[in-house]
Amino acid sequence: MKEITLQMQELARELLQKGEVNVVLGWEKGTFWYLSPPAFVDKPEDVERLVYDDYCHHNLSKYLMDYRYQEGKVAVFLKGCDSRAFNILLEDNQLEREKYVLIGIPCPGMKDQEKAKEFGVNGDIPLAKKCQECKYPNPLVYDYFLGDKKAADEAAATKEAKAKEYSDVEQMEKMTSDEKYDFWSSQYERCIRCYACRNVCPACNCRECIFDQSRTGWIGKANNASENQFFALTRAMHVAGRCIECGECERACPMHIPIMLLNKKLIKDINELFGEYDAGVKVDGVLPLGHFDKNDPEEFM
2 MKEITLQMQE LARELLQKGE VNVVLGWEKG TFWYLSPPAF VDKPEDVERL
52 VYDDYCHHNL SKYLMDYRYQ EGKVAVFLKG CDSRAFNILL EDNQLEREKY
102 VLIGIPCPGM KDQEKAKEFG VNGDIPLAKK CQECKYPNPL VYDYFLGDKK
152 AADEAAATKE AKAKEYSDVE QMEKMTSDEK YDFWSSQYER CIRCYACRNV
202 CPACNCRECI FDQSRTGWIG KANNASENQF FALTRAMHVA GRCIECGECE
252 RACPMHIPIM LLNKKLIKDI NELFGEYDAG VKVDGVLPLG HFDKNDPEEF
302 M
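Residue numbering for the sequence shown follows our numbering, beginning at 2 and increasing consecutively.
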């Protein structure tokens, strides 16, 4: 990863010096060794802040929303999940492709931040769960590609061949209705409605969110089990068919609610009903829940 870091810094410096972009979005080292938060670099002399290591979890595509209306181009580094997020934002007509310079980097998988805190810097830290299940570690869209693309493609091929792993979802499906209700009630009783899951999610990109509405009758602001469940289910259904499985929602949740378990349940159901589909793999205007077919037999009616 050190070689990739040097390539990132060199390319970022070149793009900024030539004036081809106004800002470069990447990662830098945070307060602790297991944190590598987003970095926003707009001066060539600051590119040495950029790093690429085992803790660059943040999906940078979400931050491109802040630059939609600014003049000039923006460069951004993309891992596999970041590129899927970028494609979803294009699909949702939130971004214009020509305004961004995409720099793809292969991803060997990010390490689990919680385990890192527990095991220490010299511990045998496992990959984050989302990375263990990832099928697309390499960027799917890019203008530049850093690192050895052939080796990256060969490594990714083994992951793409694997079927999606739904053992956790299947375990939940075996529960009775009462058990499911009790399980999810206990989870969302702990929710503090900080909206971190919404704010970090690239599929949550509405220009005005229903949960920010001040008009009465839309959504309650109380932090209680009922309102929290309504928030969680509304958000889950909103991103259904568009979740790119980056796991940022669950990683950002300070209460450690298993948000991706609900998202994976919806992904599993959609695949069974509409055929295998991975959101953000390509931009073709065909989302499983995003178009209407007049020949739909509507057998469920």
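Ideal Cβ placement from N, Cα and C applies to all residues, glycine included.
Are the CB atoms of Phe-78 and Leu-26 within a distance shorter than 8 Å?
Yes; because the gap between Cβ atoms is below 8 Å, this pair is in contact.
Is Pro-38 buried or exposed, if buried means 16 or more other CB atoms sit within 10 Å of its CB?
Exposed: under 16 other Cβ atoms inside 10 Å.
Out of His-58, Leu-65, Tyr-70, Asn-139, which one is the CA nearest neighbour of Glu-128?
First, the amino acid is wrong: residue 128 is Leu here, not Glu. Residue His-58 is the option with its Cα nearest to Leu-128.
Along the chain, where does the alpha helix (DSSP H) containing Ala-76 start, and where does it finish?
Segment 75 to 79 is the beta strand (DSSP E) holding Ala-76; no alpha helix (DSSP H) there.
Can you tell which of Ile-5, Asp-47, Ser-168, Cys-82 has its C-alpha closest to the C-alpha of Arg-14?
Minimum Cα distance to Arg-14 is reached at Asp-47.
I need the straight-line Cα distance from Gln-214 to Ile-220, nearest angstrom please.
Rounded to the nearest angstrom, the two C-alpha atoms are 8 Å apart.
Do Gln-95 and Asn-264 have their C-beta atoms within less than 8 Å of each other?
Against a cut-off of 8 Å, the Cβ pair of Asn-264 and Gln-95 comes out as no contact.
Decide if Met-261 is buried, meaning its Cβ has at least 16 other Cβ atoms within 10 Å, or exposed.
Buried, by the Cβ-count rule.
Using the Cα positions of Lys-136 and Cys-202, report the straight-line distance between them to the nearest angstrom.
Their Cα atoms are separated by approximately 19 Å.
Just how far apart, CA to CA, sit Glu-4 and Gly-148?
Distance between the alpha carbons of Glu-4 and Gly-148 is about 8 Å.
Considering Ala-40, what are the terminal residues of the beta strand (DSSP E) in which it resides?
It spans 39 to 42 - the beta strand (DSSP E) in which Ala-40 sits, taken as one unbroken run.
Determine whether the beta carbon atoms of Leu-65 and Leu-91 lie at a separation below 8 Å.
For Leu-65 and Leu-91, no; Cβs fall outside 8 Å.
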